[in-house]
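The structure appears right after this line, and notes come after that.
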Amino acid sequence: MTNEELYEIACRVRENAYSPYSHVKVGAALLTESGAVYTGVNVENASFGAAICAERSAAVQAVGNGDREFIKIAVAVSGSRVKSPCGICRQFLAEFSKDLTVIYEKNGALTAQKLSELLPDSFAL
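For any residue, its number in the working numbering is found by taking its place in the sequence shown, counting from 1, and adding 1.
What follows is the structure in structure tokens.
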């Protein structure tokens, strides 16, 4: 699957986001070694700590299906100048693959970076 195809899936699912507080909708599409694509959206909550980002939503779905070999993730963000995954999502994804390719919009164009470039010193036990 191309980066563009994966990003298009993230764009489509983004419309399902629940963001009544920030009004920023985020969709994610995660490709795994098995060839499966898992999607996720951000879901906000009045108790802000209970919110979940799209990237973690997709990853949790993959893990729940026994699929832990992450290849690449596309993230589509509307209404925000920050388009790459937040620090919590970077660390969460690093648990499964530091070589994961992250696809997102940067300066109006799609870009792809290794997670290890976005989070060079991830925490590990």
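Even glycine gets a Cβ: it sits at the ideal position worked out from N, Cα and C. It should be emphasised that the depicted structure is a prediction, and the values quoted were computed from it without experimental measurement.
Judged by pairs of C-beta atoms under 8 Å, the region 96 to 114 touches the region 68 to 80, as three or more such pairs exist. Closest by C-alpha distance to Phe-124, out of Val-27, Cys-90, Ala-113, Ser-81, is Cys-90.
Asp-122 and Leu-94 have their C-alpha atoms some 13 Å from each other. Distance from the CA atom of Val-38 to the CA atom of Cys-12, rounded to whole angstroms, is 14 Å.
Nearest neighbour of Gly-88 by Cα position, chosen from Tyr-19, Glu-118, Val-14, turns out to be Glu-118. Secondary structure at Phe-71: strand, using DSSP grouped into helix, strand and coil.
Between the beta-carbon of Glu-5 and that of Leu-111 there is about 7 Å, and that keeps the pair under the 8 Å contact cut. In the displayed model, Ala-59 falls within a helix according to three-state DSSP.
Here DSSP, grouped into helix, strand and coil, assigns Ala-29 to strand.
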